[in-house]
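>
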Amino acid sequence: MFSYYLRLAWISIVRHWGLSLLMVCAIGLGIGAAMTTVTVNYLMSANPIPEKSEQLFYVQLDSWDVNDPFDDGLNPPDQLTFTDSTNLMRAQKAFRQNIQAQAFGVIEPEDPEMLPLIVNGRANSADFFSMFNVPFIYGSGWSNQSDESKEFVVVLSKETNDKLFGGTDSVGKSIKLEGNMFRVVGVIDTWQPKPRFYDITTGAFNDSEDIFVPFHLIEDEKISRSGNTNCWKPSGDGFKAFLASECIWTQFWVELKTEQDKQDYLQFLNAYVEEQKQFGRFQRPLDNRLSNVMQWLEAQEVVADDAQMMMAMSFMFLIVCLLNTVGLLLAKFLGKAPEIGLRQALGASKSTLFSQYIIESACIGILGGILGLFLAYLGLKGVENLYGDYMQGLASLDTNMAILAVALALISTILAGLYPTWRACNIQPAQQLKSQ
Amino acid sequence: MLETGLIIRALARNKIGALLIALQIALTMTIMVNAIFMIQDRQQQMQRDSGLDEANTFYLTNTIFGQDYNIQAQLQTDLHMIRNTPGVVDAIQINAIPLSSSGWSMALQHEPGEDKDAVGTAVYMVDEHAINSMGLELIAGTNFTQEDIELRKDGQSTWPAKTIITKAFAENLYPDDWQSAIGKTVYISQTQPMQIIGIIKALQAPWNGWNGVERSMLVPFHRESKGSYYFIRTEEGQRDALMPAIEKALAESDKERIIRRVTTVEDTRKRSYRQHNATNKILTTVVITLTLITGFGIVGLAIFSINRRTKQIGTRRALGATKGQIMRYFMMENFIISTIGNVIGCIGAVALNMWLVNTFNLSPISFELVAFGVVALFIVGQLAVLYPARKAALIAPATATRTI
């Protein structure tokens with residue numbers, strides 16, 4: 023019976039081709055628009071490190087001005103002072119901990135023919151690589167020992183290694199960075215978390231860094247820091263005074279295995295702040311936070327307002343398209359009243375009629391879904407072109423999304439077809455036959 | 003008016019069909035009005051004056067990596083060389099570029115002290131050539147002189163004694179009379195006094211999304227820093243030729259630095275508003291497609307309802323109704339449905355706007371825009387129903403005598 027209904031559906035679709043085309047186009051456009059925006063939102067809010075996002079925590083301490091709270095008092099500052107993060111680092115109370123900041127520098131290649139290179143860097147602790155599951159092609163990160171003795175070691179990105187060493191194993195070799203010789207200890211494979219969760223403050227969808235160096239080198243001004251700096255209290259002259267100031271510019275991550283560990287760590291943070299209060303710091307009420315990766319992304323509102331607004335709009339758009347379809351299906355099915363009456367008189371049951379017309383709706387749905395998928399593909403290409411770098415890698419359809427698109431089209435069209443079908447099944451045969 | 007009652011009674015017999023179109027119109031209205039509102043809002047933001055002579059200016063980054071480098075001497079040499087290049091109007095060293103999204107900010111306050119109210123502003127560290135180099139307009143007070151320019155080392159926390167601010171900033175500091183700002187002393191970094199010596203018409207901050215984007219201050223500093231920008235203004239039409247020439251001259255004069263990111267201010271503006279532009283294009287597409295879908299939906303449904311009523315229409319024609327009357331009937335029917343849709347749509351538009359205002363800090367929509375939406379949708383509805391109504395009018399009276 024199913025294939026027979028399919029054939030009937032096809033005949034009916036072709037006979038009223040204008041109307042069918044209108045419905046398929048409407049559903050296609052609705053699904054296309056919805057899927058484009060859903061995909062962008064889905065990729066923006068994706069979990070960049072699903073295997074351990076629940077165990078990595080971003081640390082926030084409220085060290086801000088007592089008279090003028092950070093973020094109107096809604097959230098503690100989004101970074102830490104150098105003093106606090108180095109104190110927390112020294113305490114070593116978590117399973118793993120990482121202090122970091124953005125850095126930059128100039129590499130002078132050995133080959134005098136090659137032009138010097140400006141690189142974006144990250145200054146971080148040894149634990150960074152194991153905490154964030156960074157994949158290595160050659161070598162590995164540096165050790166805690168190297169951190170403490172402030173060794174000149176560097177981890178290169180694959181791209182940087184390609185540029186400097188033609189992609190060969192460069193572990194053990196040296197590069198000249200900011201006038202100092204750095205020993206290469208590892209080369210990272212292509213690694214581009216989206217969103218780049220480990221540093222939201224300098225752009226959640228920026229590229230990952232070209233080089234990674236030990237954080238403590240910033241302290242000795244061997245590496246220049248960049249990224250955001252935020253101060254509420256004037257600091258004195260010189261870099262030493264800046265390091266000791268209340269300016270926030272470092273980020274601190276910890277890895278904690280269990281809920282108990284988390285509670286313990288929070289207690290440790292609270293105790294630390296209480297202790298600092300005695301030195302006249304941390305005048306604001308206690309507000310220390312540990313946010314896991316997803317909580318942190320949510321708190322920092324990584325999904326752009328624009329993207330959310332568009333998604334809301336595109337769903338309303340889809341609803342308009344569906345209302346359109348309901349109306350057209352209703353008109354179409356009611357137009358068949360005489361035919362339905364005749365079939366009922368000849369013994370067709372309501373359930374038979376019901377499945378026949380639902381199948382017809384479903385066919386339109388699938389056609390609309392396929393068109394929608396194609397339109398979503400075009401839409402995402404368009405979005406990528408329009409937004410440029412910002413949307414790079416955020417606008418691609420995967421299988422999940424493709425299945426979702428067709429399923430959404432199918433389900434919504436069947437839902438849209440329910441009422442018209444029900445009306446069609448309730449046609450009084452006698453009345454229809456009388457008028458024939 | 004007898005006809006209106008008749009149409010309403012006829013519609014009541016096919017409530018769902020009419021309601022579906024009305025709802026469609028309502029939602030279209032809701033989305034359309036809000037989308038147009040968002041488009042206008044963005045367009046206004048993009049049209050704000052940056053204060054710069056955008057067509058004739060460009061900048062580049064100068065990154066020094068050499069050790070034991072005489073930054074100060076090289077800065078003087080560079081500026082001298084650039085300023086004397088034929089076609090160049092003027093040039094400066096600067097710490098940040100308007101609309102480039104990265105820069106410096108500080109807060110100024112009327113009285114010294116820790117817990118006083120302060121107003122945030124973008125800081126541009128420049129010399130006395132800034133006004134000429136950027137194409138700014140000094141509307142009150144005086145410019146810096148060469149003697150005012152101090153050398154600033156990295157990490158230095160003291161500030162010079164003079165500053166020039168934008169008119170918008172002056173209005174913020176002195177709401178009663180912005181011109182009174184000239185000669186007044188304000189405090190930077192909580193305690194350090196600075197005297198306002200001049201006011202410029204406009205100069206935007208680096209951050210286009212900041213609500214204080216019109217607030218900027220010029221500070222007379224030359225920076226002794228390993229990274230800085232040179233900002234250059236050229237004579238009309240000379241920019242594109244001078245960009246590679248100056249880049250080459252700078253790069254070749256000194257091998258211990260890197261000259262990069264030679265960029266026009268126009269490109270920076272484009273980049274800065276790229277997201278706005280993209281969003282606007284998408285919203286425009288949405289509005290157009292949505293209107294088309296609704297329009298075609300009305301056409302489809304009208305044709306169907308006319309087909310179903312062929313016999314009745316024939317009968318009416320046979321009983322003496324003119325073609326015009328038949329057409330008017332369907333136009334009137336659409337008008338009534340549109341009215342219902344528009345009423346719901348107005349409520350929906352305002353509701354969606356309220357949600358947007360609450361969630362995304364947008365401002366409320368204007369009455370004119372809602373009125374525009376209503377008129378536009380009435381026109382779309384009437385246009386859409388025109389063709390089916392004409393078809394209906396052409397039904398021959400004889401149809402009434404035939405069975406289907």
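Line by line, the protein sequences give chains S and F.
Under the numbering used here, read the first sequence as residues 23 to 458, first letter to last.
Under the numbering used here, read the second sequence as residues 3 to 406, first letter to last.
Positions of the beta carbon are idealized from the N, C-alpha and C atoms, including for glycine.
Counting Cβ pairs closer than 8 Å, one from the segment 100 to 119 of chain S and one from the segment 262 to 275 of chain S, do we hit at least three?
yes
> Please classify K155/F as buried or exposed, where buried requires at least 16 other C-beta atoms within 10 Å of its C-beta.
Sixteen is the threshold: since fewer than 16 other Cβ atoms of the shown chains lie within 10 Å of the Cβ of K155/F, the residue is exposed.
> Give me, in chain order, the residues of the same chain whose beta-carbon lies closer than 7 Å to that of R311/S; leave out the 5 immediate sequence neighbours on both sides.
Q82 and P98
> Consult DSSP for E268/F and reduce its assignment to one of helix, strand or coil.
helix
> Roughly how many whole angstroms lie between the Cα atoms of K262/S and W212/F?
Near 31 Å, if we compare the C-alpha coordinates of W212/F and K262/S.
> Relative to chain F, which residues along the segment 139 to 151 of chain S have a C-beta separation below 7 Å, given in chain order?
The residues in question are I140.
> 9 Å is my cut-off, CB to CB: does G302/F come that close to chain S?
yes
> Taking a contact to mean a Cβ-Cβ separation below 9 Å, would you say Y1/F touches T63/F in this structure?
No information on residue 1/F is available, as it lies outside the stretch 3 to 406 that chain F covers here.
> My output table needs one value for I133/F: the three-state DSSP class, helix, strand or coil.
helix
> Compare the C-beta of I341/S with all C-beta atoms of chain F and state if any pair is closer than 9 Å.
Closer than 9 Å to some Cβ of chain F, the Cβ of I341/S qualifies, so yes.
> Give me the Cβ distance between C343/S and I295/F, rounded to the nearest whole Å; I'm assuming they're in contact under 8 Å.
6 Å
> Leaving out five residues on either side along the sequence, give the residues of the same chain with a beta carbon under 7 Å from the beta carbon of T462/S.
The structure shown does not extend to residue 462/S, since chain S is modelled only from 23 through 458, so no value can be given for it.
> Interface residues of chain S around A37/F at Cβ under 9 Å?
M335
> Within the same chain, show all residues whose beta-carbon is closer than 8 Å to that of G143/S, passing over the 5 residues directly before and after it, in chain order.
Q124, A125, F126, G127, E231, D232, I233, F234, V235 and I245
> With 9 Å set as the bound, which would you pick, yes or no: does the beta-carbon of T30/F sit closer than that to a beta-carbon of chain S?
It does; some Cβ of chain S falls within 9 Å.
> For the 8 Å Cβ check, are there 3 or more pairs between the segment 68 to 76 of chain S and the segment 35 to 45 of chain S?
no
> Give me the Cβ distance between N282/F and I27/F, rounded to the nearest whole Å; I'm assuming they're in contact under 8 Å.
Contact doesn't hold; Cβ gap of about 24 Å is too wide.
> In the DSSP assignment, what residue or residues form a beta bridge with I202/F?
L140/F and T168/F
> Suppose the cutoff is 7 Å on Cβ atoms and the five residues either side in sequence are ignored; what does the same chain contact list for I406/F look like?
Note on I406/F: pLDDT 47, under 50, position unreliable in the model; the coordinate value appears next. The residues are K313.
> Do you know offhand how far T435/S's Cα is from P451/S's?
Their backbone Cα atoms lie some 27 Å apart in a straight line.
> In its own chain, which residues sit with a C-beta less than 6 Å from the C-beta of A402/F, not counting the 5 before and 5 after it?
Within the same chain, and ignoring the five residues on either side of A402/F in sequence, the residues whose Cβ sits closer than 6 Å to its Cβ are G316, T317 and A320.
> Is the closest heavy atom of the ligand SAH to the C-beta of D119/F under 8 Å?
Absence of the ligand SAH is noted for the structure shown, with no ligands found whatsoever.
> On a Cα-Cα basis, can you pick out the residue from V382/F, I339/F and L364/F that is closest to I9/F?
I339/F
> Which whole-angstrom value describes the C-beta separation of F237/S and Q122/S, a residue pair presumed to lie in contact below a C-beta threshold of 8 Å?
So it is a contact: roughly 6 Å between Cβ atoms.
> Note down, in chain order, each residue of its chain lying with its Cβ closer than 7 Å to the Cβ of T286/F, except the 5 sequence neighbours on either side.
I41
> Which term fits V125/F, buried or exposed, when burial requires 16 or more other beta carbons within 10 angstroms of its beta carbon?
With 16 or more other Cβ atoms within 10 Å, it is buried.
> For my contact list, W254/S and D90/S are in at a C-beta cut-off of 8 Å; report their separation, rounded to the angstrom.
With a Cβ gap of about 7 Å, W254/S and D90/S count as contacting.
> If Y409/S sits next to R276/F, beta carbons under 8 Å apart, how far is it from one beta carbon to the other, in whole angstroms?
About 7 Å separates the two Cβ atoms, so the contact holds.
> Considering W275/S, what are the terminal residues of the beta strand (DSSP E) in which it resides?
I270 to E277
> Give the C-beta separation of M34/F and V289/F to the nearest angstrom, bearing in mind that I take them to be a contact with Cβ-Cβ under 8 Å.
5 Å
> Along chain S, which residues have their Cβ under 8 Å away from the Cβ of N309/F?
Residues of chain S whose Cβ lies closer than 8 Å to the Cβ of N309/F are, in chain order, G357.
> Should the segment 181 to 199 of chain F be regarded as contacting the segment 243 to 250 of chain F, the criterion being three or more beta carbon pairs within less than 8 Å?
no
> In the DSSP assignment, the alpha helix (DSSP H) including G316/F goes from what residue to what residue?
T312 to A320
> Which of the three DSSP states is assigned to H224/F in this structure?
Assigned with DSSP and collapsed to three states, H224/F falls in strand.
> Contact check, D149/S vs D309/S under 8 Å by CB: the rounded distance?
Contact flag wrong, Cβ pair sits at about 26 Å.
> Taking the continuous alpha helix (DSSP H) assigned at V376/F, which residues delimit it?
F369 to A395
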